[in-house]
Structures are given as structure tokens and as C-alpha cells.
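Student:
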Amino acid sequence: MTEQEIESAIAEMFEQNYELLQAEGGHSLTQDTKRAALQQVLLYWRKMRDVAERVTETEVKLTLPEQQTPKGRKYSIHGVVDIVQEDERTVMYDIKTHDAEYVESNISDYEKQLNIYAHIWQNLRGHPLDQTAIIATAYPKEVKQALNAEDDVALEAALDQWEPLVNIPFDQQHVDDVISDFGDVVDAIEDRQFTPPSATHLGRQYKTKGRERRFATQICSNCDGRFSCSSYRAYTQSNRGSDASFNRYFREFDSTDQEEWLSANLEADLEA
Amino acid sequence: MLTATFSIQDIWNELQPSPFKPNPNQEQAINHVSGPLYLTAGPGSGKTRVLLWRTLNLLVCHGVKPEEIFLSTFTEKAAKQLRDGLQSLLGLATNKTGQPYDIARMYVGTVHSLCQQLITDRRICQSILRPVTPALMDSLGQYFYASDRHFWDSAIAAVDLGDNANEVITNYFKGRASQSRHAAVVECISLFNRFSEECLKPAEIRERTDDAVLKGLIDLYAYYKQSLGLDGRTPKVDFSLLQQQALETLNHSSEAGHVFKHVIIDEYQDTNSIQEKLFFKLAAGYKNICVVGDDDQALYRFRGATVENFVQFPERVRVELGVEARQIPLNTNYRSRKHIVDFYTDFIGRKNWQRPNGEGHYRVVDKDIQAHSTDHHPAVVASTPAPPTVVTTEIATLVRQLLAEGKVSDPNQIAFLFPSLKSAQVSRMREALEAEGLQVYAPRAGRFLEVEESIAVFGLFLTIFGRPEQGVYKGDYADFQTWLDDCLQDAKGRLEKDVNLATYIGDCQDEIETVLSDYQVLTRTANKHGWVLDESYTPKIMQQALAASFGLSEKARKSIANSYMNQLAQQRINENNPFTLRYIINRATSLDWSILDLFYRLCAFSPFKPWFDLAERGEDEGPICNLGLVTQYLSRFIDGNSPVLTAGFLSDNKFLNTFFMRFIYSLYRLGESEFENAEDPFPKGRIPFLTIHQSKGLEFPVVVLGNPRKDPKVQPIEQIIRPLIDREGEPLDRMAEFDVMRMFYVALSRAENLLVLAHYRSQGNFISEPFKTMLSAKDFPRIPQFDLSQLPAAEEKEQDIARAYSYTSDYLLYQKCPRQYMLFRKYGFVASRSQTQMFGNIVHQTIEDLHHLLMIRRAQA
Chain Y
68 MTEQEIESAI AEMFEQNYEL LQAEGGHSLT QDTKRAALQQ VLLYWRKMRD
118 VAERVTETEV KLTLPEQQTP KGRKYSIHGV VDIVQEDERT VMYDIKTHDA
168 EYVESNISDY EKQLNIYAHI WQNLRGHPLD QTAIIATAYP KEVKQALNAE
218 DDVALEAALD QWEPLVNIPF DQQHVDDVIS DFGDVVDAIE DRQFTPPSAT
268 HLGRQYKTKG RERRFATQIC SNCDGRFSCS SYRAYTQSNR GSDASFNRYF
318 REFDSTDQEE WLSANLEADL EA
Chain U
10 MLTATFSIQD IWNELQPSPF KPNPNQEQAI NHVSGPLYLT AGPGSGKTRV
60 LLWRTLNLLV CHGVKPEEIF LSTFTEKAAK QLRDGLQSLL GLATNKTGQP
110 YDIARMYVGT VHSLCQQLIT DRRICQSILR PVTPALMDSL GQYFYASDRH
160 FWDSAIAAVD LGDNANEVIT NYFKGRASQS RHAAVVECIS LFNRFSEECL
210 KPAEIRERTD DAVLKGLIDL YAYYKQSLGL DGRTPKVDFS LLQQQALETL
260 NHSSEAGHVF KHVIIDEYQD TNSIQEKLFF KLAAGYKNIC VVGDDDQALY
310 RFRGATVENF VQFPERVRVE LGVEARQIPL NTNYRSRKHI VDFYTDFIGR
360 KNWQRPNGEG HYRVVDKDIQ AHSTDHHPAV VASTPAPPTV VTTEIATLVR
410 QLLAEGKVSD PNQIAFLFPS LKSAQVSRMR EALEAEGLQV YAPRAGRFLE
460 VEESIAVFGL FLTIFGRPEQ GVYKGDYADF QTWLDDCLQD AKGRLEKDVN
510 LATYIGDCQD EIETVLSDYQ VLTRTANKHG WVLDESYTPK IMQQALAASF
560 GLSEKARKSI ANSYMNQLAQ QRINENNPFT LRYIINRATS LDWSILDLFY
610 RLCAFSPFKP WFDLAERGED EGPICNLGLV TQYLSRFIDG NSPVLTAGFL
660 SDNKFLNTFF MRFIYSLYRL GESEFENAED PFPKGRIPFL TIHQSKGLEF
710 PVVVLGNPRK DPKVQPIEQI IRPLIDREGE PLDRMAEFDV MRMFYVALSR
760 AENLLVLAHY RSQGNFISEP FKTMLSAKDF PRIPQFDLSQ LPAAEEKEQD
810 IARAYSYTSD YLLYQKCPRQ YMLFRKYGFV ASRSQTQMFG NIVHQTIEDL
860 HHLLMIRRAQ A
């Protein structure tokens, strides 16, 4: 298969998957978002070709069997990874659609996850991994700008600069911590403990895509549950002047999102 | 792999703190790996564990590959339980053997989901270039398809059922003519499904009857099937025809019998004819078919199930596969106290099950069900024989005591079971419990739309969008009109009490008025310039005039003047694919929100918010479950229409008619029921009121049989279908009685510690035989004398099968926000906008496909 053939195969598989997901979930992506998603896969192929071509097992299901929560419930932990195995060397990759900067700034979350996956894999296969890494497929803004400008030279340079691979070191302590924490979470879920994070937590800053964002902006503003959420209400009220009426805080629709939503869902060829 | 040092027992012993110790029959069943296996499994006999361990044995000790196993369950819940359990135990096995197992491609699921998988399985349809996946209509989808006015009018015009086809059809089934299209469609759907499940070919069965109406109905079935385009590239199927498509696929394949080394079917007593054909076809090569079931618990004749599949399994195996099946009874009951087991065993034996001329029985007799429990204390207790008010009060008091004395830890451990939730005894019982301050959860007790959560939501919707016009009608329609009024009344009360809510609703109404007015303004401008809505939109010519329209709102003006949109419009003209003027106007005159957005915003107010708060604290799940279901129905409407509410759609009552008078009215008439959670069926804090059918496969510390009466009645469809099929089944005059016995048997065998029977005796209130005779025993325990101190407290259930939790979609999601987890993962709320998630899914899926492609390419090189 030539380069061209692979790229058109990607486009074809992408289209099929899109139709499938649309049929299943009944939701659509805007043209722009859809294009960006395809672009992300194509750039993964261009940039990470070396890894992609050497993958020996894809979407490997990992299971940590027969665990027990502090309250005595049985459960098992599951995850999915990709593996490259050649000669004596084995590498585990976890592909994320986040950007590398976000991964770096939240590295401990990823360490926990990959460490426990590594732990499971090593138990299952009986030999250690030589490396574990995240592949963060969201491309940086330089690449995006070059794509928008259709500037091949700039794109080449931006792709060279881009480092989607983030190595994750192994630490057994993480594994033990996570397993113990995981059991608590299972108990909490089974005991129906669903209290949201506090309003203070909602105000905390996170770093992503080169800027600081609050939990409330990053997570809550994409959650339909926010309107009935006590924490979100407390957060909004403490962050607004006294003139803000009760009704207003949930009536605002982000205008950019709104345009995108219309574009995705209002059929251009709509019949009356 | 089988090694000298490793066996299935090693894994049993691995399980700590309690290693698995099967009884001898269970162990034999687990180790039977070659030839047909017939497992007659009594209530609570540990069949799920046997299935789990037998499958594990095949995979781990006998080298069977996951994709060579076909394991069919009755529900998705059972499938998930088996899958979770297998994954966990296989993980243990891997730790022992070093061999990895991936069951992702294993067939575990309901017959329907497995049929979908079969249709596109490369091992079966090798010849076809790209297998066609039919679009599946669920039962609601099937109803909307068949009851669509356009479809139905052409269908009845195409067959010979006279001028008043609806009347002819309803009269044929019910003996009472009705003009209602709805009533006719509902009857036809159940007949069509039965035809499909019996594999009846219209051309053939047409010759087997002289009845003109039945001939007409058969033609209608043929028309319906034809309309689905089953041979085309985009076929549609209902659940029944899905199975037929799968069987067709197998019939066209030379490999069908050699794909699965093991075919395993759970709840075999509730399979139908077409499923039996499918299973024998799949097992034809290796002859390893294992069926598990209990004919005494057969419940689904009304869905076309034939219990004979199970009772006569040994003969069928002999005929179809030419071998003998090994029968192993699983007859030790681990669920119930001894008195309960003895009671229901006595109960089922009181019917005469003999076939005529002494040719055996209509059930598997001599099952020899034995209780594992040796507790001889009374565990079955009846109320005083009395009128309903006395009986229900007595039972409600008992329930209160059980809770007060800690015999159960939550009201959801006491289940009230009824043959139907529509009877008067149900509401009486409910009132008695509520008088004791106890809350009831009754899925299927009434229409889902009549629960208070639905009334609250739709009352506000009606207030915002307006009430559809009222005509003068009778029956369902009149009831529906009353429901609309009740909803509106409910909303009115809420608006009076809550000024914030009233303001918000007023704002929504204003927005609708604005878009409608903008729409008129813009179309007027278009008319003035002589533009038609379907012509191309040319920004240079049209934009200014539209934006300058007199009386246009600021928001619409901005939308028309949006420079990005106008650039895009110009670009589309250059690409020769222009927007229509209609599109531009629709875009400018659409609401910002969909009905789902609206729902979530309304949840900020009372009574919704307090309902969410209750669920957050794990106190009462009832309301949140129903609200989750509301989002599923709203999302279903959106899928069939559009999320965007344009002024065009809102005008001339189009939206009102589509949403309320077609969609909601259909849900209302079909009596769609309340939320039923697949994993944890019954909300904490409430006493479940269930139909006996709903209780299938479940167990409760305390069971109250709330109405031990059911009058046997043969369904018309059985009489219609019988002359058309050439199989000999249970005689029509006995079948209904058999079914009643089986149904009560299921109810009685759900109880673990205590079984309570309501003993009604007054004018018009009585209980069925053999209850009447059994309860007439002089020393039968009665509630007033019942000594609660002998009753053991409900034990915390030892959950013996591990549940699977995903690192990302459970653990991380919960850690991010437990409340978000609750809504979208636990209670099935549908998100209104899901761009981010879909983005992630499609990227991951395509990268996985790419990796597969590259691996295949490398293997070929």
C-alpha cells in the first residue's frame, strides 16, 4: 500500500466509524469538528508512523482480576492499551486524544493509570515492560495554524517540533495506592455516594492547551447536570455580582458553541 | 492449556476467602464438555455459577477459543454478569498459566444481540463482499413504523380487508370493532411477530386457512415484510425478523455448523421455534449444545416461547443431531428456607401434568428439588382470610415490623409480586403501605407518563409550548386530554409557588414568540422581493434586505449579518452547492435550545432539584430513575426529528402535533412503563411492586404474593396460530392453566426467608386453586400468630461474581465528578450535546482500525 492508499483507507474507515457512531448515539459532529478529528488521525499516522507500523497488539484488554473492596465487594479493573513487541523489547502505549501539554501538567494522573496497566500486563505476561508512554494525539496550535494557512513548509517545521510522546516512569507505590483507592471508589459507587465536588473545587485552576482553566469551565460547563447541581450553583453565585438574577446563570449559551451546534444539527438541505 | 499440573479445581481454590465448592451434580455439569447437555435447573440451584465455570473450563482446560463459544442469555444483565465474571476469572487463570485470553470477540449476549453479530460474521458469510447490517427497530420503533399513517393506509389498501379494515381487524382479535388505527396496529404487530418467530411463510399459511380475515392479515404481513426491504442494501428489521435474517444467513452458509464448538443456551424454557432452529443449526457440526432451564418457570408464551423446546429437548436432540443428551439435574436449592421450598414443590405437584394415554408429562417431573437449608421453622405465612381492607392492613403492619426489627435492612428487600399491576388489589395494598408511611416503587403499575416526575416535566413543557387543540373524543383520546389537563394544572400550581420558575418559563415563551415573529418578518421580506424560500441564498443580494427587515429582533439580525456565515454562503455558491434561503431563515429563527436542553434547565427548579439531591445522597433513587427515562424518550424524539427547534417547525402547530399528539400520545397509549435498571433493579428506600414476570431470575429476603389469583384464559393469538403450525403443542384447553401454575411457581420461589400470601375472602374477592386448598389446612401459619423472633435477618448478599470496572469510564469519571457519573453512567441520562465524547470515540476507533490494517499488511508482506 502506498502512502496515498493508507491515507485514503484512513479516511474511509473514519467515515464508516462516523456513520456507525452517529447511528448508535444519534449525535453529530460539525463539519469543522469532524474534519479536525480526521486530521488528528492523519497526523498521528504522519507523525507516529514509526510506532503505528510496529504495533503488534492493538486495543489489548487488560484485567486485574478478583479484587476486593474494603467492604468486601468483588470487582476487577479493566483497561485497554497498545503494545509494541520486537526482539526483546516491549513497549506499552496508551493513546489519548488530549494534548501533550495537558498530559505533562497532569502527569501524576497518567502515571497512576499507566503504572497500573503496566502492573497488570506484567502479571499477565510474566515479563517486564521496557517502556510505557502516552501518545497525546491532539496537535499543538503551531500545527493547527500551519494547517489553516495551508503552509506546507510551516507544517513540516511544526510537525518536527511536536512531541506527542510522553514517557511514563514506573513506580510500584503508585500501583498500590491506586488499587486501594480504586476499591474505595467501587464501594462509593455501590453505596450510591454521588455528592459533587465542592464549590471551592469548582473554582480551582487547571492548565490545558496553554492556558489556565477552572474546573467549572472545563468540566461543569459541558455537563447538563450543572443546573441542578448545588456546588455549581454555589460556585456561580459566589462568582457573580449581587445583581445577577437567579435565572440568568443558566440561560447563557456560548455563542461560538451555539453556531457550531446549529451547523451540525440544522440540515442545510432541510425540507420544509 | 491443559497441563498435568493445572486444572479447574486450582482456580476454585484460588478464590479467597471462599473457594468455590460445587456439589456433585454441579461439578459433573462443569466437567461435561463433549456432547449435548441437558441441565434441568430448579430455582436457586446455582445455574449461573455452573454456566460460568463450565465456560471457563472450556476456555482454560480444553483449549476452546473464546470465539468458538456461543453463549445466549435471556437478558443483557445476565450477559454482562457472565462476561464480567469470565473476565475476572480468566485473569486469575492467566496468572496461573501465562496464557492471555481476550473474550472481546466471544458471543455472549441475548439472542437478539447475537443474531446481529451472526449476520456480519465473516466465518459464516464468507461469500458476501460486505455483509449488510440491517437497521434494528425496537418494539417502540416497530410501532411507530407500522402506525405511521402513510404506511398503514397503503398497507390496508393493498390487501382485501374491506373498507373498514381497522374495524375488521379489531373485531377479529377482540370480538369488538373499533375504528382505531392504534388498536389495529398493536394487534397486527403481535401477530406478525408470532408469524416471524414460527418461521411461517405467508404463501404457505395462506393455503391453510379458509378464513377471509386471516387471509387478509397474512397478506398484510407479507406487505409489511416486503416494505422493510429485507433483500436490499438497507434492510430494516424488527426483533423477530432479525432472528429470521440470522437463520437465513446460516441456511445459506456451508460453514454454519462449524463455527462454534460449543453452543450454550440459558433460560431455554423461554425460547421460541425460530431460536430452536438457530441453535440446532449452529450446533449441527460439533453437536455440543448445552441447554439450561426450568420448564416450571416458563413465562413467555405471549412472546412466542414454546416450553416444549425444553421439555422435549432429549427427543429433539435425537432427531436433529442423532445423539443422546446427557441430563444432569441441578436440584439443590440454595436460596430459600426449607418451608418455602417444600411449599412451592407441593404447589406445582398439585396439577395434573399427564399427557393423554399415559404418554409422559407436559413437564419434567421427578425433579426432586431439595432445600439446602435445614431450618424447619415456618417461613410461609398467610394473612387472615378476610376482605381486602383487613388483609392489606395486616400485611402493611407486618412490613413495618420487619423493618423496625431489622429483619430487612432496606424496604427494597421486600418485594410485592402480582400477576398484573393493574388490579384493584394493587392499589389497595399500596394505600395500606403508604398509610404506614412506606413508599412504593412500582414500575409497570401504570403508565410511565402518569408518574409524578413525568407530569411535572410535561406540564412545564405544555405551559411553554402550548396545549394542542382539543377535540371531542372518547376512549384513549379523552383520557389523554385529561392527562394533558392534569399536567397543565400541576405546572400551574408550581408557577404560582415559584416566582423564579415562572420568570424562566415566561422567558422561554418569549423566545418562542420572538422566533415565530422573526420568521414572519423574514418571510414577508422575502415575499416582497419575490424570493422563494427554496431558492439559493445569495448574500450580496439578500443579506442587507433581510437584516434590515422592520421588526426583526436583534438576535435574528445578528445571525443574518454574521460575517462568517456569509463568507461560508459565498463559498458554497462558488462550490455550486449554495444554501437555500430557507436554511438561512431557519438558522436565524431557531431556538437556542433543544427539548433536552430545556429539560436540564428546568431541573434547576423544584421539584426536580430536590429529587436529584435525594439520589446524590443515596436516599431515594425512584425519581432520578424516572427522570433519566424522560431524557431517553426526549432523545428518541430528537433522533427521529431534529434537535433544533426552528420557527418553521414551531409554527402552525407542527411541533405540537408531532411531539404531543403523535409521540407522547403514542407512548401514552402503549402504556410505556417506568424505568427498569438493568443492573440494580430496585431503588433503595422503596418497596418494589412488581409483576411476576419482572421478578424472573431475582430473589428477595421477603416476598409478598399480593394477589394469589389469576383466571386462566387462552389468548386469541394462540387460537389463531394453532391451525397454521404443524407442531403439536400443549392442548389449548389446558395451556392457560399450566401457564398460571408456572407463573405462581416463579413468584413463590423468589423468597429467601419469608413468603407472605394475601388471603382474600369476601364478596368478589378470592384466591385461585390450589392456593385455596393449601391454605385451608388447619394449622397453616397466619400473620397474627406469626413469631418474628424465629425469622432470620436478611444477610448482606455475598456477591460471588466480580463486577468489571473500567479505569477510565468508571474510576476516572467518578473521580472527576461523582454526580456526573451518577447521571450519565449510573442512571442513563442522555447528554444533550456530546461533541467531545464522540470526537474521542471516533479518533480512537479509527486509530485502532489503522493499527489492524497495518498489522494485516505486515503479515502479508
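Chains Y and U are the protein sequences, given in the same order.
Counting in our numbering, the first sequence runs from 68 upward without gaps.
Counting in our numbering, the second sequence runs from 10 upward without gaps.
All C-beta atoms in this analysis are idealised placements derived from N, C-alpha and C, irrespective of residue type, glycine included.
As the structure is a prediction and not an experimental result, all values here were calculated from the model.
#1: Under 7 Å between beta-carbons, which chain U residues line up against Y:N190? List them in chain order, please.
#2: I'd like to know whether the C-beta of U:D601 is nearer than 8 Å to at least one C-beta of chain Y.
#3: Excluding the five sequence neighbours on either side, which residues of its own chain have a C-beta within less than 7 Å of the C-beta of U:R503, listed in chain order?
#4: Would you mind stating whether U:M39 and U:V59 have Cβ atoms separated by less than 8 Å?
#5: Could you tell me which residues DSSP pairs with U:H853 in its beta bridges?
#6: Go ahead and pull the three-state DSSP assignment for U:R645.
#7: Closer than 7 Å to a non-hydrogen atom of the ligand GTP - does that hold for the CB of U:L237?
#8: Going by DSSP, what residue range makes up the beta strand (DSSP E) through U:I349?
#9: With a threshold of 6 Å on Cβ separation, who are the neighbours of U:V350 within its own chain once the five nearest residues in sequence on each side are excluded?
#10: Which whole-angstrom value is the C-beta distance of U:A50 and U:D303, which I expect to be below 8 Å?
#11: Could you name the residues of the same chain whose beta carbon sits closer than 7 Å to that of U:S568, not counting the 5 residues immediately before and after it, in chain order?
#12: Curious, which full-length beta strand (DSSP E) runs of at least 3 residues does the segment 11-69 of chain U contain?
#13: CB-CB under 8 Å to U:A221, same chain, minus the five flanking residues each way: which ones, in chain order?
#14: Quick one: measure Cβ to Cβ for U:N583 and U:S463, integer angstroms, because I've assumed they're closer than 8 Å.
#15: Check distances from the C-beta atoms of the segment 838-855 of chain U to those of chain B and list, in chain order, the residues that come in under 9 Å.
#16: Hey, is U:G627's beta-carbon within less than 8 Å of any beta-carbon in chain Y?
#17: Which stretch, first to last residue, makes up the beta strand (DSSP E) that contains U:F838?
#18: Considering only the beta carbon of each residue, do U:L872 and U:Q724 sit closer than 8 Å?
#19: Using CA coordinates, which residue listed in Y:R280, Y:E279, Y:L269 is at the minimum distance from Y:Q304?
#20: Report the three-state DSSP secondary structure of Y:I144 (helix, strand or coil).
#21: Which of helix, strand or coil does DSSP assign to U:D240?
#22: Which two residues bound the contiguous alpha helix (DSSP H) that contains U:F427?
#23: Measure from the C-beta of U:E522 to each C-beta in chain Y and report whether the shortest distance is under 8 Å.
#24: Would a C-beta distance cut-off of 8 Å place U:A441 and U:T472 closer than the cut-off?
#25: Taking its Cβ as the centre, do 16 or more other Cβ atoms sit within 10 Å of U:H385, making it buried, or is it exposed?
#26: Pull up the distance between the alpha-carbon of U:I810 and that of U:Q90, whole angstroms please.
#27: U:T782 by DSSP, collapsed to three states: which one?
#28: Are three or more beta carbon pairs between the segment 196-210 of chain Y and the segment 161-173 of chain Y nearer than 8 Å?
#29: I'd like to know whether the C-beta atoms of Y:K163 and Y:H241 end up nearer to each other than 8 Å.
#30: Any idea which residues DSSP pairs U:I78 with across the strands?
#31: Just verifying my parser: in three-state terms, what is the DSSP assignment at U:N686?
#32: Chain Y beta carbons: is any one of them nearer than 8 Å to that of U:D858?
#33: Can you tell me whether U:G468 is buried or exposed, with buried defined as 16 or more other CB within 10 angstroms of its CB?
#34: Just by C-beta distance, which residues in the segment 111-124 of chain Y are closer than 8 Å to chain U?
#35: Below 7 Å CB to CB, which residues in the same chain sit around Y:N352 once its five sequence neighbours on both sides are set aside?
#36: Between which residues of its own chain and U:I701 is the CB-CB distance below 8 Å, once the five residues before and five after are set aside?
Tutor: Per the coordinate set shown:
#1: On the first sequence, position 123 is the one that residue 190 of chain Y refers to. Here the neighbours are N104.
#2: Position 592 of the second sequence holds residue 601 of chain U. Cβ-Cβ to chain Y under 8 Å: yes for U:D601.
#3: The residue labelled residue 503 of chain U in the question sits at position 494 within the second sequence. If we look at U:R503 and ignore the five residues flanking it on each side, its Cβ neighbours are L510.
#4: Position 30 of the second sequence, counting from 1, holds the residue named residue 39 of chain U. Position 50 of the second sequence, counting from 1, holds the residue named residue 59 of chain U. First, the residue type needs correcting, since residue 39 of chain U is Ile and not Met in the sequence shown. In this structure, U:V59 lies closer than 8 Å to U:I39 by Cβ.
#5: Translated into the one-based positions of the second sequence, residue 853 of chain U becomes position 844. According to DSSP, which records beta bridges pairwise, U:H853 is partnered with nothing at all.
#6: Numbered from its first residue, the second sequence carries residue 645 of chain U at position 636. Three-state DSSP puts U:R645 in a helix.
#7: Within the structure as shown, the ligand GTP is missing, as the structure has no ligands at all.
#8: Translated into positions along the second sequence, residue 349 of chain U becomes position 340. First-last for U:I349: 347-358, but that is the alpha helix (DSSP H), not the beta strand (DSSP E).
#9: The sequence position of residue 350 of chain U within the second sequence is 341, counting from 1. Excluding residues within five positions, the ones whose Cβ falls inside 6 Å are N342, A380.
#10: Sequence index remark: in the second sequence, residue 50 of chain U carries index 41 (1-based). Sequence index remark: in the second sequence, residue 303 of chain U carries index 294 (1-based). Confirmed, Cβ separation roughly 6 Å.
#11: For this step, residue 568 of chain U is matched to residue 559 along the second sequence. For U:S568, where only same-chain residues beyond five positions count, the Cβ hits under 7 Å are R596, A597.
#12: 46-50
#13: Taking the first residue of the second sequence as position 1, residue 221 of chain U is located at position 212. If we look at U:A221 and ignore the five residues flanking it on each side, its Cβ neighbours are D169.
#14: Translated into positions along the second sequence, residue 583 of chain U becomes position 574. Translated into positions along the second sequence, residue 463 of chain U becomes position 454. The pair is not a contact, with the Cβ atoms about 50 Å apart (cut-off 8 Å).
#15: Within the model displayed, chain B is absent; protein chains Y and U are what it includes.
#16: The sequence position of residue 627 of chain U within the second sequence is 618, counting from 1. Taking Cβ atoms only, chain Y reaches closer than 8 Å to U:G627, which makes this a yes.
#17: In the second sequence, residue 838 of chain U corresponds to position 829, counting from 1. That residue, U:F838, is in no beta strand (DSSP E); it is neither H nor E in DSSP.
#18: Because chain U here runs from 10 to 870, residue 872 of chain U falls outside it and cannot be looked at.
#19: Along the first sequence, one-based indexing puts residue 304 of chain Y at 237. It is Y:L269.
#20: Locating residue 144 of chain Y in the first sequence gives position 77, where the first residue counts as 1. Y:I144: strand per DSSP, three-state reduction.
#21: As a working note, residue 240 of chain U is residue 231 in the second sequence. If DSSP states are grouped into helix, strand and coil, U:D240 belongs with coil.
#22: Residue mapping note: residue 427 of chain U aligns to position 418 of the second sequence, counting from 1. Counting along the chain, U:F427 falls outside any alpha helix (DSSP H), though it belongs to the beta strand (DSSP E) covering 423-427.
#23: As a position in the second sequence, residue 522 of chain U is number 513, starting the count at 1. No, U:E522 does not count as interfacial toward chain Y.
#24: Locating residue 441 of chain U in the second sequence gives position 432, where the first residue counts as 1. Locating residue 472 of chain U in the second sequence gives position 463, where the first residue counts as 1. Result no, Cβ atoms of U:A441 and U:T472 do not sit closer than 8 Å.
#25: By one-based count along the second sequence, residue 385 of chain U stands at place 376. Under this definition U:H385 is an exposed residue.
#26: As a first step, residue 810 of chain U is located in the second sequence; it is residue number 801 there, counting from the start. As a first step, residue 90 of chain U is located in the second sequence; it is residue number 81 there, counting from the start. Going from the Cα of U:I810 to the Cα of U:Q90 covers about 7 Å.
#27: On the second sequence, position 773 is the one that residue 782 of chain U refers to. Note: U:T782 maps to helix in three-state DSSP.
#28: yes
#29: What you label residue 163 of chain Y is simply residue 96 of the first sequence in a count that begins at 1. What you label residue 241 of chain Y is simply residue 174 of the first sequence in a count that begins at 1. It is not a contact, given that the beta carbons lie outside the stated cut-off.
#30: As a first step, residue 78 of chain U is located in the second sequence; it is residue number 69 there, counting from the start. Looking at the DSSP assignment, U:I78 forms a beta bridge with U:H271.
#31: For this step, residue 686 of chain U is matched to residue 677 along the second sequence. Residue confidence for U:N686 is low, a pLDDT of 47 falling below 50, so the modelled location carries little weight; the figure read from the coordinates is stated next. Coil.
#32: As a first step, residue 858 of chain U must be located in the second sequence, where it is residue number 849. Judged by the 8 Å Cβ criterion, U:D858 is in contact with chain Y.
#33: As a position in the second sequence, residue 468 of chain U is number 459, starting the count at 1. U:G468 is buried by the Cβ-count criterion.
#34: Y111, W112, A119, E120, V122, T123
#35: No statement about residue 352 of chain Y is possible, as the shown extent of chain Y runs from 68 to 339 and does not include it.
#36: Here residue 701 of chain U refers to the residue found at position 692 of the second sequence. Contacts found: L308, L426, F427, P428, M752, F753, V755, A756.
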